[in-house]
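Student: Residue numbering for the sequence shown follows our numbering, beginning at 417 and increasing consecutively.
I'd like to ask some things about the structure below.
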Amino acid sequence: VKDDSLQNQQQDSTSTANLGERQTGTVKKWLTGRGYGFVARDTGGPDVFVHVRNLTNGIQSLEEGQIVEFNIIKNEKGETAQNITVFSEKSETSDTM
Numbered sequence: 417v418k419d420d421s422l423q424n425q426q427q428d429s430t431s432t433a434n435l436g437e438r439q440t441g442t443v444k445k446w447l448t449g450r451g452y453g454f455v456a457r458d459t460g461g462p463d464v465f466v467h468v469r470n471l472t473n474g475i476q477s478l479e480e481g482q483i484v485e486f487n488i489i490k491n492e493k494g495e496t497a498q499n500i501t502v503f504s505e506k507s508e509t510s511d512t513m
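Have a look at this one:
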């Protein structure tokens, strides 16, 4: 029993240790029916996977062009955005294209 509690503590510390600094980006694609999408980081680099279960503050969906803030965690499948909040409703540049 003692080993199980130690393993749970290690898993908890690993998940929080992997959270990076807050980043911002623009929702590039959102598939409402599937509950996931991708965010283009403001800092460049590969797009980040976003799942609906990682949205915060009662948000249940995103829209392409929204500016969001998030943390990135790395797992066996790559990078995933966590703790996603909507920073602003739409990118100003998305309306001018």
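Even glycine gets a Cβ: it sits at the ideal position worked out from N, Cα and C.
Answer yes or no: do Asn470 and Ala497 have a C-beta to C-beta separation smaller than 8 Å?
Tutor: Indexing the sequence shown from 1 puts residue 470 at position 54. Indexing the sequence shown from 1 puts residue 497 at position 81. In this structure, Ala497 lies closer than 8 Å to Asn470 by Cβ.
Student: Is it right to say Gln476 is buried, meaning 16 or more other beta carbons lie within 10 angstroms of its own, or is it exposed?
Tutor: Position 60 of the sequence shown, counting from 1, holds the residue named residue 476. With fewer than 16 Cβ atoms within 10 Å of its Cβ, Gln476 is classed as exposed.
Student: Identify whether Asp463 lies in helix, strand or coil by the three-state DSSP scheme.
Tutor: For the purposes of this step, residue 463 is taken as the residue at position 47 of the sequence shown. Here Asp463 sits in coil by DSSP.
Student: Please state the DSSP three-state secondary structure of Arg438.
Tutor: Residue mapping note: residue 438 aligns to position 22 of the sequence shown, counting from 1. Three-state DSSP puts Arg438 in coil, outside helix and strand.
Student: Go ahead and label Thr448 buried or exposed: buried means 16 or more other beta carbons lie within 10 angstroms of its beta carbon, across all protein chains shown.
Tutor: The sequence position of residue 448 within the sequence shown is 32, counting from 1. Under this definition Thr448 is an exposed residue.
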